[in-house]
Amino acid sequence: MRKSMLAALIAVPLMLSVATPAAGQNSPFTPGDYEDVGMIDVSDGGGYEYAMFLANTWRKNQEFAKSKGWITGYQVLANVNARPGEPDLYLVTSYSTMPDAAEEEKRAAAYREFMKQTDAQMEAASGDRAKYRTVMGSFLLRQLNFK
């Protein structure tokens, strides 16, 4: 009986010491919003024209998406000390969840209705902006919020 008691007294602290590191190894983060970042190179002499597009059409689209609850926010960031090959602007759109394919189709239809344009018209307008800006690419980030 003494041996059983002694074994139990030794086993309990050992079990707790094994469980404690596992609990201490949980991530200190919870996943937050996604940040969709577009990288834009503005052509020499095209800054004003592109700024007007952003202030009017792009902002209008973002406000529409925000009013629908599709996005949580948006912003334009300037690359103040851009190195060769880096974008001049970053267009950032924040959202909490990714839509599935069916939801994407519904949103695209709502955008067309809101803009009163077809896909072909919106594509042509994007092509026209190529005169003063180049879309260099994009990347997707996710916020990590501390617990």
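According to mature numbering (1 follows the signal peptide of the UniProt record, and there is no 0), the sequence shown holds residues -24 to -1, 1 to 123 in order.
C-beta: ideal position from N, C-alpha, C; glycine also.
These numbers were taken from a predicted model, which means no experiment stands behind them.
Following the DSSP letters along the chain, one finds Gln97 in no beta strand (DSSP E) but inside the alpha helix (DSSP H) bounded by residues Asp95 to Arg105. Rounded to the nearest whole angstrom, the CA to CA distance from Tyr26 to Arg35 is 12 Å. Taking a cut-off of 8 Å on C-beta distances, the segment 88 to 96 does not touch the segment 8 to 20, as fewer than three cross pairs fall below it.
By alpha-carbon distance to Asp64, the top candidate from Asn55, Tyr71 and Ser72 is Asn55. A straight line joining the alpha-carbon of Ser43 with that of Ser72 spans about 14 Å. For Ala31, the number of other beta carbons within 10 angstroms of its own is below 16, and it is reported as exposed. The beta carbons of Phe5 and Leu120 sit closer together than 9 Å. For Phe29, the closest C-alpha among the options Phe122, Gly113 and Tyr108 is that of Tyr108. Between Ala85 and Met98, the alpha-carbon positions lie close to 12 Å from each other. A residue is called buried once 16 or more other Cβ atoms fall within 10 Å of its Cβ, and Ala41 is buried on that count. Contact between Ser114 and Asp12 holds, since their C-beta atoms are separated by about 7 Å, short of 8 Å. The bridge partners DSSP lists for Pro7 are Leu120. A distance below 7 Å between beta-carbons, with the five flanking residues on each side excluded, links Val52 to the following residues of its chain, in chain order: Leu30, Leu65 and Leu67.
Runs of the beta strand (DSSP E) lying entirely within the segment 9 to 71 and spanning at least 3 residues, in chain order: 49 to 54 and 65 to 71.
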